[in-house]
Structures are given as structure tokens and as C-alpha cells.
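Throughout, our numbering is defined as the position within the sequence shown, counted from one, plus 997.
I have placed the structure first, in the form of C-alpha cells, so that the comments after it can refer back to it.
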Amino acid sequence: MAKIKLTSWRVMSAFNANGGPLAWYRLASRGVGWAAWCVTLAALSVSVTTLAKAQTAPREPVLATAKVAEHANGAEQTSVHIERMAIADALYLLASQKGINLVVSEAVRGDTRLNVTSVPWQQAFDAILYRHQLQLDKQGEIWFVAPKPVQAEPTQMRTFALQHLSAAALLEQLQTSHPLSWLSEQGRVVTDSQNNALIIDDRRAELERIENLIAQLDVPAKQIEIEARLVTVTRGSLDEIGVRWGLSGDGVGASIEQNWQNQSYFDRQEGASLSEQLNVNLAASAAQAASVAMQVGRLGHGVLLDLELSALQQASKAEIISRPRLITTNQTTAYIEQGSEIPYVESAASGATSVAFKKAVLSLSVTPQVINGEWLRLDLNVTQDSQGETVPTSTGYAVAIDTRRLETQVLVESGQTIVLGGIVHQVDSEVTEQVPWLGDLPGVGALFRRQYQNQVSSELLIFVTPRLIPVSLTHGAS
998 MAKIKLTSWR VMSAFNANGG PLAWYRLASR GVGWAAWCVT LAALSVSVTT
1048 LAKAQTAPRE PVLATAKVAE HANGAEQTSV HIERMAIADA LYLLASQKGI
1098 NLVVSEAVRG DTRLNVTSVP WQQAFDAILY RHQLQLDKQG EIWFVAPKPV
1148 QAEPTQMRTF ALQHLSAAAL LEQLQTSHPL SWLSEQGRVV TDSQNNALII
1198 DDRRAELERI ENLIAQLDVP AKQIEIEARL VTVTRGSLDE IGVRWGLSGD
1248 GVGASIEQNW QNQSYFDRQE GASLSEQLNV NLAASAAQAA SVAMQVGRLG
1298 HGVLLDLELS ALQQASKAEI ISRPRLITTN QTTAYIEQGS EIPYVESAAS
1348 GATSVAFKKA VLSLSVTPQV INGEWLRLDL NVTQDSQGET VPTSTGYAVA
1398 IDTRRLETQV LVESGQTIVL GGIVHQVDSE VTEQVPWLGD LPGVGALFRR
1448 QYQNQVSSEL LIFVTPRLIP VSLTHGAS
């Protein structure tokens, strides 16, 4: 029976694969200036006699065997079979064969497998180091094993010139939508506002991915032409244009949808849907359908709007106030304003006076959003301010501003016209009609003239026609 002299030891495992006894030992050595460290030893081809009472604990299967033999040429060779063992324990096992003082870093984790036969000892030791990216540092009689430091992959700097988006806007979009994935930990980015470019310093793989991402985002913005017509029409002239705000008539007491099923109330266009025939973009479920959708209407594609408005204007039934036209991009607000600023006197606490102005304007703002290529969702905001009464105050007179406001959202096709209405203006006047000369005669002139009160109601209509502009017309064919 072989004897092994140990400073301090304890049994680490039990039998080998053949059932023979195999003991592992952990040698605790206390060196100068070093914390406690340990070396795992395995009895190699030795017979160890153990007491029967030491066999009471359950045995685990052998996970490793190792044997050192001397070659014919005098060189030592080792045979090691490790099925599963902690990396640190495997290194301690090999180090024990050569009597090497070994310290393994706590950062070395995980298991290893090794199966070599009759190879140089150093080659077997280096195989574990190579397999798990470990490095060996020899300091005197002690070997230290630790993970290799991670070498940062070299970075490259590239400049991405942008064609359609601004560099600041694209950077904000990338940081918002891809906050954790578009740059590596080594990546850096700066904006070049003068050349409208992004300067990115990162690894090659990230640069290629960023290039594809920028190509998807830096595309021409869809442009929309907004054409507006501001028209004042007399009440009752809307039918001549084809605008239908609702339905009314004998027997109409249900919803528009139900009235649509009864063709006796109006002429139904063959093949036309409810929304196309009514030109109304809002639903109705209550009675009194004539009061439904009094604010937003819709004209079909076949309406010759300019021609019909001109005809109404010649008949003194309509007046075209203005016809602005402007171009905006997708999800960018277009704003139209027409009116005047009313001056009034302001007085300060010190008694000083100054002239201030209040706006009395008709304004229209449209924010388009392209949906499914040919449809547009319009956020519409109409405001009509007019001068009201002059109110006396302790410091002078203040001007009241009468405000009417309409805010809605509609869905239309490109080229279709939306009608915004409901802003009614009524003028009361006294009209005198008489026979020339005779009506001015004293006494009997009353027989040749007539006086009456006249009420003229007019409505402001705003026709909004959005049109998608093909990209080829503004950016060239792609």
C-alpha cells in the first residue's frame, strides 16, 4: 500500500469506472503573502485502503482518470480522461501530476471535457487553456491561470451623407426607436450639420447594419398638395353644387341608413354606396336627419367644382373669397390665414397708453397623414374670428372678438374634396322699393313706394382638396 504525505487533505470523490478506489485530495498550502489556495491531487495508480466506516457516505461515479507514464526516450507523457469536471479542478488535477503550485482565478467558471492518451503533459495542460480562452502567467514557482482579457475589436469611422432627412432628425429617430441596438458599446456618433451627415465610429458589423437601417429611413417624404377654396354662398345654393348634409322629407323619421333603403324619398344612383351618394362622412342614428353632419361633407370625384362655383358666382349666389394652394409633407401641418388685425388702445397702471392689435382672421390648418398609399387622414382645424362689439372699460374701450371654431378628422381619397361648413352670417337690412320720381312726391309718394325688412343668410364654405404628389415629380424617378 502506497502512502502519500499530505499537509492537509480531504477525500473529494470515490470509485473509478472499474469500481477500484480512487481518492482526490485538496492540498491547502499557505504561502508567504498569499491567501489560502488549494491544489487538488488524485492518487495515480495507487491502492488506498479505507476503513469500512468511511464507506457509509454515498459514492459518486468517477468523472476523471489520469495517469503519467515515462516514454522510452525519457519524456513524460500523460493520459487523461475527463468526462465532466470543473475547469479549475481539471487544471489542479494536471498540476498535481507534476507537483506544480497552481492558482486558478475565481473568474474561471464552467466545466470541461478532455480525452487524451500518451501526449506530452504540457500539451494536455495547454489544451484546456486554449479550449476555454485562458492564459498562463508564471511567477517564480507559482503558476497563475486566468481568463484572457477581451480584446476590443478594432473600430472604423464612416460618414453617412443623408439625402432627405436632416442629420439631427435621423439621430433622434434612431435613438428613440432603436435605443439599445443600433450602436455597440464601443460605438460613437456625431452629427455634421454643415454637410447633413452622421459620422459613426463603430465595429464593421455594426456599420453594415447601420448602413442598411439608414437606407430604410432616409427616403423621400411623401408630399401632399392642399388646395383650399373659401367661398361664401347664399343659403339654399349648396344643392346646386351637390353637397348633401343630411336627409329630410315626408316619412323621414329614422336614421339615414334606414331611409337609404326606401328609394321613394329621393333618386338613388345605381351602384352608388351610401357614403358616395350622401357625400357625408359622419354617421347618424337619430331622427331629424336634416340636422345631421352640418359641419363636414364630401364631394365625389365627378363634381366639376370650379365650374359650378363660377356659375354660382355669376348668378350672385356665391363669392369666392380666396383660393390658396400649398404643398406640405406627410404629417406636417399646413396653415392658411386670412384676415386683419384690429387696433385698440391699452392703458398701463402708470397712465401711459399704447396701441395693441387683436387678430380677426379666418384660419385653416390641415395635417395630412398618408394611409395605404392613396388614402389620407386629415386633421382639420378652422377658426373664424370677427370683430364684435366695442366694450367700454375704466381705461378706455376694448374690442370683443367673436370666434367660431371647427375641429375634426376625416378620411378621404387623394383628389377627393372635403367641405367644411356651418359658419353662417345673417345680414338684416331695410329695403325701400319705389317708382322713380313718383315715390318721392310728398303725400301721395307713399302710394308708389314699399318698405320692408330683408334678411340675407350666407354661409362660409371651405373646400379642401388634398392630392398626393408622385415622388417622381419632386425627386426624380427612382
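C-beta: ideal position from N, C-alpha, C; glycine also.
My output table needs one value for residue i: the three-state DSSP class, helix, strand or coil.
i, result
"Trp1434", "coil"
"Thr1173", "helix"
"Arg1322", "strand"
"Ala1397", "strand"
"Glu1427", "strand"
"Leu1216", "It is Val, not Leu, that sits at residue 1216 in the sequence shown. Of the three classes helix, strand and coil, the one that applies to Val1216 here is coil, per DSSP."
"Ala1165", "helix"
"Glu1073", "strand"
"Asn1209", "helix"
"Glu1080", "strand"
"Glu1203", "helix"
"Gly1419", "strand"
"Val1441", "helix"
"Pro1146", "coil"
"Ser1115", "strand"
"Val1409", "strand"
"Ala1104", "coil"
"Leu1403", "strand"
"Leu1159", "coil"
"Asn1327", "coil"
Can you name the start and end residues of the beta strand (DSSP E) that residue i belongs to?
i, result
"Arg1464", "Arg1446 to Ile1466"
"Trp1118", "Not the beta strand (DSSP E): Trp1118 falls in the alpha helix (DSSP H), residues Trp1118 to Arg1128."
"Gln1413", "Counting along the chain, Gln1413 falls outside any beta strand (DSSP E), and DSSP gives it neither H nor E."
"Glu1224", "Gln1220 to Thr1231"
"Glu1386", "Trp1372 to Thr1390"
"Glu1334", "Ala1331 to Ser1344"
"Ser1351", "Thr1350 to Ile1368"
"Gln1183", "Here Gln1183 belongs to no beta strand (DSSP E), and DSSP marks it neither H nor E."
"Gln1136", "Leu1131 to Gln1136"
"Leu1099", "Asn1098 to Val1101"
"Thr1152", "Where Thr1152 is concerned, there is no enclosing beta strand (DSSP E), given that its DSSP letter is neither H nor E."
Taking the alpha helix (DSSP H) that residue i belongs to, which residues open and close that run?
i, result
"Ile1084", "Ile1084 to Lys1095"
Buried or exposed, going by whether 16 or more other CB atoms sit within 10 Å of the CB of residue i?
i, result
"Leu1377", "buried"
"Leu1373", "buried"
"Thr1075", "buried"
"Leu1457", "buried"
"Met1082", "buried"
"Gly1418", "buried"
"Gln1170", "exposed"
"Tyr1089", "buried"
"Asp1086", "buried"
"Val1379", "buried"
"Gln1220", "buried"
"Glu1205", "exposed"
"Gln1094", "buried"
"Ser1391", "exposed"
"Ser1455", "buried"
"Val1428", "exposed"
"Ile1084", "buried"
"Pro1365", "buried"
"Ala1353", "exposed"
"Glu1073", "exposed"
"Ile1079", "buried"
"Leu1323", "exposed"
"Leu1133", "exposed"
"Glu1203", "buried"
"Thr1414", "buried"
"Ile1368", "exposed"
Problem - the stretch 1217–1228 contacting the stretch 1163–1181, beta-carbon criterion three pairs below 8 Å - result: no
Practice task
Give a yes or no on contact between the stretch 1417–1428 and the stretch 1332–1343, applying the rule of three or more CB pairs nearer than 8 Å.
Solution key: no
Exercise for the section: Count the C-beta pairs between the stretch 1442–1449 and the stretch 1399–1412 that are closer than 8 Å, then say yes if the count reaches three, no if not. Expected result: Remark: fewer than three beta-carbon pairs, one from each stretch, lie closer than 8 Å, so the stretch 1442–1449 and the stretch 1399–1412 are not flagged as touching.
Exercise for the section: Answer yes if the stretch 1351–1359 comes into contact with the stretch 1379–1386, meaning at least three C-beta pairs across the two stretches below 8 Å, and no otherwise. Expected result: Below 8 Å, enough C-beta pairs join the stretch 1379–1386 and the stretch 1351–1359 to call them touching: three or more.
Exercise for the section: Taking 8 Å as the threshold, find out whether the stretch 1427–1435 comes into contact with the stretch 1185–1193 through three or more Cβ pairs. Expected result: Flag = no, the stretch 1427–1435 and the stretch 1185–1193 do not touch.
Problem - Touching by the beta-carbon criterion (3+ pairs, under 8 Å), the stretch 1100–1118 and the stretch 1161–1173 - result: no
Practice task
Answer yes if the stretch 1096–1115 comes into contact with the stretch 1134–1149, meaning at least three C-beta pairs across the two stretches below 8 Å, and no otherwise.
Solution key: By the criterion of at least three beta-carbon pairs nearer than 8 Å, the stretch 1134–1149 is in contact with the stretch 1096–1115.
Handout entry: Inter-stretch contact (C-beta, 8 Å, three-pair minimum) for the stretch 1151–1160 and the stretch 1199–1206
Key = The stretch 1151–1160 is in contact with the stretch 1199–1206.
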